[in-house]
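These notes concern the structure reproduced below.
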Amino acid sequence: MIGFEFVLPAILGLPLVGAVLIFYFGFAPNARETVTLLTAGSLFALVTTLIDPVMAGERPEVVLFEMLPGLALALHAEPLGLIFALTASFLWIVTSVYSIGYMRGHHEKNQTRFYVFFAISITAAIGVAVAANLLTLFVFYEVLTLSTFPLVAHHGSDKAKRGARVYLGILMTTSILFLFVAIIWTYLATGTTDFTPGGILAGKVSGPAVGVLLALFAFGIGKAALMPFHRWLPAAMVAPTPVSALLHAVAVVKAGVFSVVKVIVYIFGIDFLAGEPSGGWLVWVAGFTIVAASLVALRQDNLKRRLAYSTISQLSYVILAAAILAPISVVGAAMHIAAHAFGKITLFFAAGSIMVASHKTEVSQLDGIGRRMPWTMGAFAVGAVSMIGLPPTVGFVSKWLIVDGAVATGNWVALGVIVLSTLLNAAYFLPVVHAAFFKPEEALPHGDSHSGDEEAHGHSVIHDHGESPLPSVLALTITAAGTVILFFTADAPLALARLLTGG
Amino acid sequence: MTPHLPVLQVVIPLMAAPICVVLRQATAAWLLATGVTWSAFAISLMLLSQVMDGGVISYELGGWVAPWGIEYRVDPVSALVLVIVSAIGSVVMPYAKKSVEAEIAEDRIYLFYTMYLLCLTGLLGIAITGDAFNLFVFLEVSSLSTYVLIALSHERRALTAAYRYLIMGTIGATFYIIGVGMMYMMTGTLNMADLAQRLPEVAETRTILVALAFLTTGISLKLALFPLHVWLPNAYAFAPSVVTAFLAATATKVAVYVLIRIFFTVFGGVDVFVGLGAGKALMLLALVGMVAASVTAVYQDNVKRLLAYSSVAQIGYMILGISLVSVTGLTGGIIHIFNHALMKCALFLVLGAVSLRLGTVRLQDMAGLGRRMPLTMAAFVLAGLSLIGVPLTVGFVSKWTLLQAALEKDLWLVAAAIPVTSLIAVVYIWKVVETAYFRPVPHGAAEISEAPASMLVPIWIMVFACLYFGIDATWTLDVARSAAILLLGGAP
Amino acid sequence: MEFPGLFNYWVAVVLMMAGFYIVIAQGNLIKKVVGLNIFQVSVFVFYISMGKVKGGTAPILDEGIQLYSNPLPHVLILTAIVVGVATTALALALVVRIRDAFETIEEDETDALEAEDEAR
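Given below as structure tokens:
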């Protein structure tokens, strides 16, 4: 057995070393990609070694060094963080496979820069996952924001720069203006920032201040995209698809909701927050975000934008689940982080595949595309089913748990929101699937003036295309399979998630 | 040798300055200046370690016993300032050679080093002396040499900037001696420790109140407290690059030190902040300055001036920390003196390298510079992040401490102003970063190479210091905190 | 109020205000320096007055002299005068350079020329 003193810093250091090597091998794309895949693979393997001890009830903690007097950068392993770390590190492998197909297929420039910053973002995401106190969390949270900026602005066009500016602007504003203040407030009130089971605020803060502090945290973690601080997510759609996958599934938004759940569970404590009426507003805001974002998604014709608003709505599921404050719904929140990650990454991979193969970006152009790209659209359908929350996909499991929690605590607002949004989810996803498989293909040229990878097809009236490059298809098949497999093997992650509430 | 360290700290650069004039040769003067600055740095480190181990050092100049003779007094605060000044002074030296050769006429270079050493003497002297009038002398030594240093630039606007600075600086210094004179009238002493003992008896008189007003205004002029900062932006923007880097990192910091000295040591026994109302006034000016100067910085086209306005805003942080009058607040103010010196020095050094290669520091000319001078601009990004206050940089440590101090006192408006100005810093730093990295190199731009190693090494030393003291801030915070406790505990 | 006793201080205040006014109000760089000088001289007067002890003689150690003026402010102001001279010399040197560069020593004209530089 490898000691934690090694594993915890190692999972942080590994992608960083990977980034350096990727930079070093920048001149040789094949070697560079091999390094990426090797790093991703060994990272996942290392993270899995943490499962057994954490299941056995160990909560190892490693102090890296003291940053400010009395405040250390420290890492620990606990169930919630482990679920996030596992998801992120696994999806990094898949995303790397996918990016190889996508980036080469698209002839993107600055590919080395892309892989380097991708690896640094993963470091930051892992850091967020294993942060043992608020200071450490904040450090990696900010590193994540900054390291994803070059990815969002990858194209360097004016549009990309504008999008990236909104992205950076909102995330920095919320984190500095609210989260930073919230952390110092917590530190002053309690004298510590450690994540402690049961929370640290009980008896230290009370009355309306609890609601205010919760607001500072919930809105301060802008990556959770709680309305009205959600605009960065659609703005970041200018980025290449693998980056969208990183933002929406692997790291960024997941780091956001993860942090919110972690703060609710380990800083406030579920029981403490349940006893403070001033924290009750979060259910309403999360519920509003779910419904409003779904309604907006319904009206988007651009596929990626539709997915982006779907993400905003799905993220608030996690926050809603945590805000219900029932132990079972918190388990649901943890599960939903993984569930949404697998589902949404499949959808984004599919959207990217469609773009690479056919240069189509709008929902209205997708009629009949299922026959040309059966694997891609099949996976899209699976992802959509998971988003709606139907069996046999993992989305069903997490939604079930959240509903269970809502019923158990008699939180009818939450229940109503979930029912309504499930209908809305179906309303904006199923037409896409229906059109792809059952509508006849339109005989109109669509956006094939691009000099795509297949020059031979560039001049035909109907852009004649098949599936996208093999690595991409492989990746999206894996993630689609993942959503189904996780449904049947939900016991394992559930067992991990249950440890969160001591159940 | 060791007992005479305090006086050597000042005398070595003072003696070396005229020797530079005699040498008259650029390289020889540079060698001498380098040697002197590095030995000053070594002395200051020795002094700091002595103070941290064995407490306050008192040195009687010429063997005359204080309070009659002039006393040099080294406590944690002054030792820290000495280290900052001499460290910046020495790290800048290797950089200076190339930069000065490019920006100053060959036959005047020896004068540059002379003035540089005199300026160093003055700044070190201010930090080390325990005598209020002696402080004025050093203040003028540093100021006069600063005016010359600024005027050495080939840019004609530097002349008017230096002139304006001279007028305002002299008024400031004169205000200071008026204040000192009034204190002397009432107490009959000029020694700071002695003044601290005697002032409480006469604190209620109008003379002392007026003295405090003169002192505060005079020093505020020197430290460019908003709205007395008008001399600063042009002086920094048009001075030779090395001078800007050195001054931005040290001159205003030393003035902040003087303010701390006057308020907490000399007036240590008097209720300056609440009773005489200085706290509220300073806090208000600091806050307005932080916001107003940051906003002005956003609209600057000359990057050097942009950073100069940012300096005015950052001085606001330091004054804010002082005006909070708590151990945490003062710790924040003192640590920000140190941290800001590191990052502003790095940033201005980067601009010096840019100006050497590009010949300009205007924003639009810096398009695509990230690809043309990768190492230089990477340093700018890191130091810029530090200015914003991103975690793992020194800026974060300052902001953490200051915000904590504001929240301790339940000053929510103040607590809000700190992150807000950070955000404005994001805007102006990002303007530069975007231009450098996401704009294409203009067509027909001359081929330029990366800055020479002699400039890159000092730049990166400062950047690494920004990161190192941001990642492990325990040592600096300890020094700052012990200084703050000492200052708040009355006279040392 | 003993008017003659405070006379010196009144002189200092009037000089100070006059000097300060000239520095602020005059646009001519030389006149500004003159103003600055008057301003500084007021401080010299202030210090010297402060050292005077009523009935005291010059502070020279000699037989039969019991009461003498406080020498310290006088010595201090000697230093300040030196500093003042240096400042004036430097200011005038700067004015010469400014005249070389801008061909004017009027502040509003140099400001206008600077604005032109800025626009370039």
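In the order they appear, the protein sequences are chains W, G and L. In terms of our numbering, the first sequence opens at residue 7 and continues consecutively. In terms of our numbering, the second sequence opens at residue 77 and continues consecutively. In terms of our numbering, the third sequence opens at residue 37 and continues consecutively. Note that the Cβ used here is the ideal one computed from N, Cα and C, for glycine as well.
In this structure, Phe144 (chain W) sits away from Ile343 (chain W), with a CB-CB distance that is not shorter than 8 Å. Taking the C-beta atoms as reference points, Pro170 (chain G) is found no nearer than 8 Å to Leu123 (chain G). Here the alpha carbons of Thr154 (chain W) and Val374 (chain G) stand approximately 24 Å from one another.
Around the beta carbon of Glu139 (chain L), fewer than 16 other beta carbons lie within 10 angstroms, which makes this residue exposed. Proximity of chain G to Ala94 (chain L) at the Cβ level (cut-off 9 Å) is not reached, the minimal Cβ distance being about 20 Å.
Contiguous beta strand (DSSP E) elements confined to the region 264-336 of chain G do not occur, taking only those with 3 or more residues.
In summary, Met91 (chain G) is exposed, with fewer than 16 beta-carbon neighbours lying within 10 Å of its beta-carbon over all protein chains present.
Straight across, the Cα-Cα distance linking Thr247 (chain W) with Arg232 (chain G) is about 52 Å. The contact set of Ala549 (chain G) on chain W, defined by CB atoms closer than 7 Å, consists of Met73, Leu74 in chain order. Setting aside the 5 residues that flank it on each side, Asn210 (chain G) is surrounded in the same chain by Ile146, each with a C-beta closer than 6 Å to its C-beta; the list follows chain order. Between the region 523-542 of chain G and the region 120-140 of chain G there are fewer than three C-beta pairs closer than 8 Å, too few to call the two in contact. Contact annotation: Val271 (chain W) and Val336 (chain W) have beta-carbon atoms nearer than 8 Å. Taking the Cα of Ser317 (chain G) as reference, the smallest distance to any Cα among G:Thr404, G:Val379, G:Val403 is reached at G:Val379. At least one beta carbon of chain G lies nearer than 8 Å to the beta carbon of Glu148 (chain W). The Cβ atoms of Val70 (chain L) and Val131 (chain L) lie no closer than 8 Å to each other.
In this model, Phe348 (chain W) and Ser404 (chain W) are separated by some 12 Å (Cα to Cα). For Pro477 (chain W), the closest alpha carbon among the candidates W:Ala159, W:Tyr315, W:Ser105 is that of W:Ser105. Annotation for Leu130 (chain L): the continuous alpha helix (DSSP H) segment containing it runs 107-138.
Listed along chain G, no residue sits closer than 9 Å to Asp144 (chain L) by beta-carbon distance, the nearest being about 12 Å off. In this structure the region 406-414 of chain G does not touch the region 345-354 of chain G; the number of beta carbon pairs closer than 8 Å is below three. Closer than 8 Å to the CB of Gln480 (chain G) there is at least one CB belonging to chain W. Contact between Ala313 (chain G) and Ala384 (chain G) holds, with the beta-carbon distance rounding to 6 Å and staying under 8 Å. Listed by position along chain G, the residues whose Cβ is nearer than 9 Å to that of Leu152 (chain W) are Leu461, Val466. Taking 8 Å as the threshold, the shortest C-beta distance from Glu510 (chain G) to chain W falls below it. Between the region 323-338 of chain W and the region 250-266 of chain W there are three or more inter-stretch CB-CB distances shorter than 8 Å, so the stretches are counted as touching. Rounded to the nearest whole angstrom, the CA to CA distance from Thr179 (chain W) to Ala118 (chain G) is 42 Å. DSSP places His160 (chain W) in the coil class of the three-state scheme, outside both helix and strand. Neighbours of Pro495 (chain G) in chain W, taken as residues at a C-beta separation under 7 Å, are given in chain order as Ile182, Leu183, Phe186, Val187. Beta-carbon to beta-carbon, Met419 (chain G) and Leu463 (chain G) are separated by about 5 Å, close enough to satisfy the 8 Å threshold. Taking 8 Å as the threshold, the shortest C-beta distance from Ala227 (chain G) to chain L falls below it.
Restricting attention to alpha helix (DSSP H) runs no shorter than 4 residues, the region 134-183 of chain W encloses them at 140-158, 164-180, ordered along the chain. Taken atom to atom, the span from the alpha-carbon of Phe424 (chain G) to that of Pro534 (chain G) is near 11 Å. In this structure, DSSP gives Val68 (chain W) an extended state, which the three-state scheme calls strand. In the three-state DSSP reduction, Leu220 (chain G) falls in the helix class (H, G or I).
Pairing Pro309 (chain G) with Arg381 (chain G) gives a Cβ-Cβ distance under 8 Å. Here Ala481 (chain G) is near Ser402 (chain G), since their CB atoms are less than 8 Å apart.
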